[in-house]
Amino acid sequence: MKNGEVAELLDRLGELVEANGEDRFKVIAYHRAATIIRNLDEDIEKVWREKRLQDIKYVGEGIAKKIDEYLSTGKLQLLERLKEKTPPGVPLLMKVQGVGPRTAYRLSHDLGITSVEELKKALESGRLDNEFGPTVRQAFLVGIQKLQSFEKRMLLPEAEGVFQKMSSYFGALGIAVGMAGSLRRGKSTVGDLDLLSTDGKVIDAIKGCPGVAQVLESGPKRTSVKLDEGVQVDVRLFSKLEYGAALIYFTGSKDHNIALRNLAIGKEWKLNEYGLFDKRGKRLAGRSEEEVYGKLGMKYIPPELRENRGEVQAALEGKLPRLVLFDEIRGDLQMHTTWSDGSASLEEMAKGAKKRGYEYVAVTDHSESVRVANGLSEERFRRQWEEIDKLNERLSPFRILKAVELEIRNDGSLDFQKKFLDEFDIVGASLHQNFRQDAEKLTERAVKALSHPSVNFLCHPTNRLIGRREGNPIDLARVIRTAKENGKMLEIDGEPRRLDLDEIWAKRAMEEGVPMVVDSDAHSVGELDNVGYGVTVARRAWLEAKHVANTRSLRAFLNLVS
Ligand code: DGT
Ligand code: CA
Ligand code: CA
Ligand code: ZN
């Protein structure tokens with residue numbers, strides 16, 4: 010769903026229009042439409058495809074045109090033009106509570122203040138005493154404090170997008186940069202981006218990268234910048250001799266680094282971002298990560314494992330897992346189509362999955378009690394199966410499995426009778442309704458579903474939405490135990506806001522011998538790529554191919570679930 014993205018776009022448009030002193034009415038209209046779209050139950054792309062944009066409240070012809078332009082081209086000319094026209098720092102200054110777009114414009118254009126830090130200094134030095142009254146100045150200071158204590162973390166696709174934009178910019182200049190930090194480790198949320206290079210040009214080149222709003226810090230070996238969206242990027246320069254050690258250091262995690270450093274100390278060596286040295290200061294390693302790990306007596310540790318959760322010990326003992334690879338996934342086991350709340354047809358989804366190299370998919374539209382998502386009745390499922398049968402004939406040997414994301418009702422009963430459920434190839438069960446119940450009731454519902462003979466796996470067990478809501482307080486230890494006892498599976502949902510189970514619990518499930526499924530939960534063809542994020546979580550959970558049920562061939566998989 011791109012609803013959030015489109016809403017964000019309209020909000021930004023409103024801000025920039027206002028900053029440039031244009032029509033107050035337009036500004037209100039953009040923000041109002043943004044709010045409606047953000048809270049829309051339907052997928053905006055679906056509404057757009059069906060040419061119903063103007064049916065949305067507060068979306069008139071002008072706004073509909075802009076949404077259309079954005080969804081068909083990925084860009085909005087007007088926004089780009091406004092961005093160019095807007096003085097530097099305005100988008101950042103507007104993030105301070107109490108600083109509206111007009112004030113931001115004035116601060117930047119008339120007073121030369123282009124960053125939050127500069128605004129703070131100007132306020133504290135008394136430079137703005139003649140410009141704003143004491144109450145307003147105090148409000149700005151409070152706003153700044155709030156902003157600086159609020160930690161904005163990115164989801165993986167946003168962070169990857171920023172990295173890709175930057176690395177193609179550097180690529181065009183012939184500068185090689187490497188990714189470090191939490192993004193390289195595949196963490197579900199990323200605070201800032203950390204880049205490394207051995208090319209001295211990088212230090213200045215980054216300042217000219219499109220989207221850079223502000224240079225925070227610049228020295229001979231390091232530049233930190235802030236992008237328009239407020240994202241910080243650090244780039245650091247190292248020599249080729251140091252690069253491997255630097256990559257280890259800045260990939261982190263900090264706890265992993267400390268474990269490595271202690272290991273070095275135990276040998277009377279020293280490890281830092283410049284290399285591994287003996288006690289006389291002689292360089293032992295540093296050129297590559299492999300070299301540093303090797304000298305420390307272990308194999309290369311994949312970045313996803315570097316969290317100090319036992320990986321150093323495992324590496325020393327030669328017992329690192331052979332982590333599951335994206336290419337080993339043979340089927341995607343959760344996706345939605347226009348039959349329920351997806352934005353692409355069954356055929357489009359199946360073809361999209363086939364094109365991605367899968368042997369099979371499970372189409373898991375919602376069951377009937379999920380009314381907001383247009384859940385299917387038994388009768389509609391039977392009609393969907395006719396379509397599936399026809400497609401299977403045409404797409405063979407590719408196979409669409411008849412499946413359902415089955416609603417677990419409030420009392421733990423399921424949407425359909427066992428007799429009908431047994432006609433599906435595979436059944437995933439979900440808790441969507443009333444997921445704010447107390448822990449005991451929620452757990453009871455999940456346990457009941459996992460004890461039902463027709464259910465194969467539990468979908469997104471905690472129902473969390475990263476950055477929006479915490480997972481529900483379900484007793485995961487008991488859920489895992491129940492899955493184990495009943496021979497059921499648990500899901501790692503690859504939707505980047507879900508990533509549910511997370512790596513901690515997925516690891517625990519694996520250790521208890523519960524097979525996992527890793528899937529996309531796609532509601533559009535593009536979202537089929539979510540499987541990659543799911544695989545990242547699986548790798549962070551130490552999972553090997555054998556622990557992930559959908560690395561099996563179709564036949565082996567069907568054996569497992571029948
Ligand atoms: P983030 O940006 O909050 O998502 O997380 P990271 O892991 O990217 O953290 P960041 O950007 O603060 O620093 C990048 C890496 O640099 C971090 O993973 C480990 C290393 N590092 C940073 N500060 C320290 C430190 O004080 N000690 C050690 N040993 N390593 C550090
Ligand atoms: Ca970072
Ligand atoms: Ca950093
Ligand atoms: Zn769901």
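Just so you know, this note's numbering puts 220 at position 211 of the sequence shown, and the rest follows in order with no gaps.
Glycine residues also receive a C-beta, built at the ideal position from the N, C-alpha and C atoms.
Note that this is a predicted model, so its numbers are computed, not measured.
Q: Please name the residue in 326, 341, 400 whose C-alpha comes closest to that of residue 500.
A: 341
Q) Across which residues does DSSP place residue 369 in a beta bridge pair? A) 340, 408
Q) Going by beta carbon distance, what residues of the same chain come within less than 8 Å of residue 245, once the five residues before and after it are set aside? A) 203, 204, 205, 206, 230, 231, 255, 259
Q) Nearest to residue 381 by CA position, among 52, 14, 38, is which residue? A) 52
Q: Could you tell me which of 176, 191, 190 sits nearest to residue 184, measuring between CA atoms?
A: 176
**Q.** Proximity to residue 409 [Cα-Cα], best of 78, 363, 281
**A.** 363
Q: Output the distance between the C-alpha atoms of residue 369 and residue 398, rounded to the nearest integer angstrom.
A: 14 Å
Q: Just tell me which of 435, 474, 421 has its CA closest to the CA of residue 449.
A: 421
Q. From residue 292 to residue 285, what does the alpha carbon distance come to, in whole angstroms?
A. 6 Å
Q. In chain order, what residues of the same chain lie with their CB nearer than 6 Å to the CB of residue 19, ignoring the 5 residues before and after it?
A. 39, 42, 43
**Q.** Cross-strand partners of residue 38 (DSSP beta bridge)
**A.** Bridge partners of residue 38: none, in fact.
Q: May I ask which residues mark the beginning and end of the beta strand (DSSP E) holding residue 286?
A: 284-286
(Q) So the candidates are 193, 400, 472; which of them puts its Cα closest to the Cα of residue 506? (A) 472
Q | Cα-Cα separation, residue 199 to residue 549 | A | 15 Å
Q. Is any heavy atom in ligand 1 found nearer than 6 Å to the beta carbon of residue 308?
A. no
Q.
Considering just the uninterrupted stretch of the alpha helix (DSSP H) at residue 279, what are its terminal residues?
A. Where residue 279 is concerned, there is no enclosing alpha helix (DSSP H), although the beta strand (DSSP E) it sits in stretches over 279-281.
**Q.** For residue 232: DSSP bridge partner residues
**A.** 227, 244
**Q.** residue 191 beta carbon near ligand 2 (any heavy atom closer than 6 Å)
**A.** yes
Q.
Suppose contacts are defined by Cβ-Cβ distances below 7 Å. Is residue 46 in contact with residue 15 by that definition?
A. yes
Q. Whose CA, out of 493, 547, 509, lies closest to the CA of residue 521?
A. 493
Q: Kindly examine ligand 1 and report whether one of its heavy atoms sits closer than 6 Å to the Cβ of residue 262.
A: yes
Q. Measuring CB to CB, does residue 477 end up less than 7 Å from residue 417?
A. no
Q: Would you mind reading off the limits of the alpha helix (DSSP H) that contains residue 520?
A: 512-520
Q: Measure the alpha-carbon distance for residue 305 versus residue 317 and round it to whole angstroms.
A: 16 Å
Q) For residue 466, which beta-bridge partners are listed by DSSP? A) 437, 498
Q) What does a CB cutoff of less than 7 Å around residue 95 pick up in its chain, not counting 5 residues either side in sequence? A) 25, 28, 29
**Q.** residue 359 vs residue 385 beta-carbon contact at 7 Å
**A.** no
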